[in-house]
Every structure is written in C-alpha cells, then in structure tokens.
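If you're matching positions, the sequence shown starts at 1 in the UniProt record's numbering and goes up one per residue. Quick reminder that beta carbons are idealized off the backbone N, C-alpha and C, glycines included. The structure displayed is predicted, hence computed values, not measured ones.
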Amino acid sequence: MHTARQETINTQIDDVVLGEFSNIFGARVTEVPASDRDLSKYNTLQNAYDTSALMKTQGYDSYDIYGISDGTQLAMEVLRSASQGVRSVFLKGVAPPWIPLCDTLDTAMNNSIEALVAECAADPVCDASYPDLGSVLNGTLNRATEGTLVAHGEPVPPQAVTAMHSGRAEHKSPISIAPFMPAIVYEFARAEDEAPTIEMIYDSSFVLEEDKPADIRRGATVSDPESETNGELALSNADEVLEIEHQLDLTLPALLEAVARARSRADGGPS
1 MHTARQETIN
11 TQIDDVVLGE
21 FSNIFGARVT
31 EVPASDRDLS
41 KYNTLQNAYD
51 TSALMKTQGY
61 DSYDIYGISD
71 GTQLAMEVLR
81 SASQGVRSVF
91 LKGVAPPWIP
101 LCDTLDTAMN
111 NSIEALVAEC
121 AADPVCDASY
131 PDLGSVLNGT
141 LNRATEGTLV
151 AHGEPVPPQA
161 VTAMHSGRAE
171 HKSPISIAPF
181 MPAIVYEFAR
191 AEDEAPTIEM
201 IYDSSFVLEE
211 DKPADIRRGA
221 TVSDPESETN
231 GELALSNADE
241 VLEIEHQLDL
251 TLPALLEAVA
261 RARSRADGGP
271 S
C-alpha cells in the first residue's frame with residue numbers, strides 16, 4: 001500500500017497538474033534554448049532585477065508594488081534584492097522568498113491523495129469495501145494518462161480523476177465529500193455508464209447540500225450489486241457526517257451562551 005501511494009505521488013501528479021498546460025509550457029521551453037537564450041536566467045531573482053530596471057527605464061523615481069498569488073513572492077524578492085525606488089508593497093497571499101513555491105504547488109494534492117489511501121487502508125470497513133485503493137487509483141491514473149480509460153465513449157483525462165481533491169479544498173460544502181472519495185476512485189476504475197457517486201459529486205461542483213444524500217438515495221438507479229453496495233456505504237458515511245454537523249449546530253450556540261455568562265460573572269455582571 002505504501003508503494004502504491006508513493007507511485008501516485010511521485011509519478012502521477014506532475015503529469016496530472018501540468019498536463020493541461022504542457023502545450024503552452026512545452027513550446028516556450030523549446031523556444032528559449034533554440035534562440036540561444038540562457039534558460040537559467042528565467043527565475044524570480046532575475047524577474048526582481050527586471051522589475052527595477054523596467055521602472056527606471058519608464059522614468060519612475062519611486063513606485064508601488066501590488067503582489068497577487070505568485071506575485072507576492074516576486075514582490076518580496078524585489079524588496080530583498082532590488083528595492084531601490086520601492087515606495088510601498090501590498091501583498092495578497094504571502095509566500096516567503098525562501099519557499100520554492102512553484103516546486104511545491106503539488107504538495108497539497110500529494111498529501112490529500114496519500115491521506116485518502118492511508119486512512120481508507122486503516123479503516124476496516126473502508127478497506128473491505130475498497131481494497132488496495134492505492135493500486136486501483138494508480139491503475140486508473142495510468143489508464144487515463146494512456147488514453148485507455150473511457151466512459152460514455154470518451155476518454156477520461158487524469159485531471160478528472162484527481163479533481164475531487166482540489167474540488168474538496170476549493171469549495172466549502174455543507175457535507176464533506178471525503179466519505180465518497182474511495183467510491184469515486186472505484187467508479188472511475190470500472191468506467192461503467194452507471195456511476196452514481198461521480199454524478200452526485202461532480203454534477204454538484206463538489207458542494208453537497210444537506211439533503212443531497214437522501215435525494216441521491218431516492219433517485220439512484222444502479223443495476224450492479226457492487227455499485228449499489230459502494231454507493232450506499234458512501235451515502236451512509238455522509239449521513240453520519242451530517243448528523244455530527246447537526247449536533248454541533250445544536251451544541252455550539254449553547255456553549256457560546258455559557259461562555260458569555262461565565263465572562264459576565266467574571267466581570268461582575270448578572271449571572
């Protein structure tokens with residue numbers, strides 16, 4: 001299982017993340033050396049020097065920097081290495097200059113995939129329902145990369161298989177989609193027309209409303225016994241998560257009220 005996780009992380013993710021940009025990046029990486037330019041000069045430090053040179057060339061004695069996303073790292077590199085003329089810097093999302101940001105963009109997804117495989121293997125029910133999840137995921141990604149993973153007559157790209165990890169992180173869902181993720185892997189692996197879990201999660205853009213599992217259970221039409229069992233397991237797990245969230249909704253207001261009363265008594269107010 002550990003080997004399967006490592007293969008997923010070290011072999012698959014770069015291809016998945018870079019796949020949709022490969023044509024753009026590939027053309028640029030090929031073009032620069034062909035023009036006798038030094039590719040090693042294309043880096044954040046050189047960009048900082050270029051920023052300073054550009055502003056001087058434009059005739060600005062002082063200027064402000066507004067850094068967004070990766071621009072925050074460039075803005076801080078300008079402050080560190082080429083700060084002459086900088087009047088102020090506004091940062092939206094901080095990435096310290098010493099962090100290899102672009103080299104670690106895949107870390108969060110890597111960790112998410114590794115955790116999914118490890119936690120399912122450690123849970124007896126999940127492991128029994130979705131055995132050897134890491135190998136199944138690896139095989140599915142390999143087939144998707146090769147173009148042999150086909151659903152509804154169309155090839156399924158590897159990005160579709162891993163989209164649930166980024167989708168879970170980017171969209172706040174009233175119900176966590178995590179309990180459904182092993183079932184999603186298996187449905188992608190089977191590549192059958194009936195994939196109720198994939199349809200439920202992906203069609204809702206990774207955001208499940210509170211009554212969604214019940215709606216899906218009522219409307220599910222699956223003929224394969226294994227699909228029905230796996231789908232029901234995922235829905236049952238979602239019901240448990242929903243019940244926990246409901247209990248929290250009931251207890252948190254009471255807890256906050258109790259804390260407020262305690263603070264009031266401590267301040268000498270009425271109990």
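Asked                                                                                                         : Found
CB-CB length for R87 against S62, believed under 8 Å                                                          : 4 Å
Nearest candidate by alpha-carbon position, reference Y49, set E31, Y66 and G85                               : G85
Beta-carbon proximity list for I68, same chain, < 8 Å, skipping 5 on both sides                               : K92 and G93
Pairwise C-alpha distance: T30 and G219                                                                       : Its pLDDT being 49, under 50, G219 is placed unreliably in this model, and the coordinates cannot settle the point.
Selection from G167, P158, E114 and S83 that minimises the alpha carbon distance to I65                       : S83
Opening and closing residue of the alpha helix (DSSP H) in which V125 lies                                    : P124 to S129
Reduced DSSP secondary structure (H/G/I, E/B, other) of V86                                                   : strand
Of the residues R190, P33, T107 and N111, the one placed nearest residue 297, counting alpha carbons only     : Since the first and last residues shown for the chain are 1 and 271, residue 297 lies out of range.
Beta-carbon spacing of P158, A178 below 8 Å                                                                   : no
Cβ neighbour criterion (16 or more within 10 Å) applied to L141                                               : buried
The region 146-153 contacting the region 101-121, beta-carbon criterion three pairs below 8 Å                 : no
Identity of the residues DSSP links to K92 by a beta bridge                                                   : I68
K56 versus K41 - alpha carbon distance                                                                        : 20 Å
Beta-carbon gap between V117 and L137 smaller than 8 Å                                                        : yes
Per DSSP, the bridge partner or partners of P155                                                              : V150
Inter-residue Cα distance where the pair is D38 and F90                                                       : 31 Å
Bridge-paired residues (DSSP) for L208                                                                        : I175
Bridge-paired residues (DSSP) for Y63                                                                         : V86
Beta-carbon gap between L45 and E77 smaller than 8 Å                                                          : yes
Own chain partners of S173 with C-beta closer than 6 Å, once the 5 adjacent residues on each side are dropped : V207 and L208
Helix, strand or coil at E31 [DSSP, three-state]                                                              : helix
Residues near Y60 by beta carbon distance below 8 Å, same chain, minus five either side                       : G85
Cβ-Cβ separation, I201 to F188 (assumed contact under 8 Å), whole Å                                           : About 11 Å; that fails the 8 Å criterion.
Three-way DSSP call (helix, strand, coil) for R218 in this model                                              : With a pLDDT of only 49 at R218, under 50, the local geometry of the prediction cannot be trusted, and no value is derived from it.
Own chain, CB closer than 8 Å to P33, minus 5 neighbours either side, in chain order                          : L39
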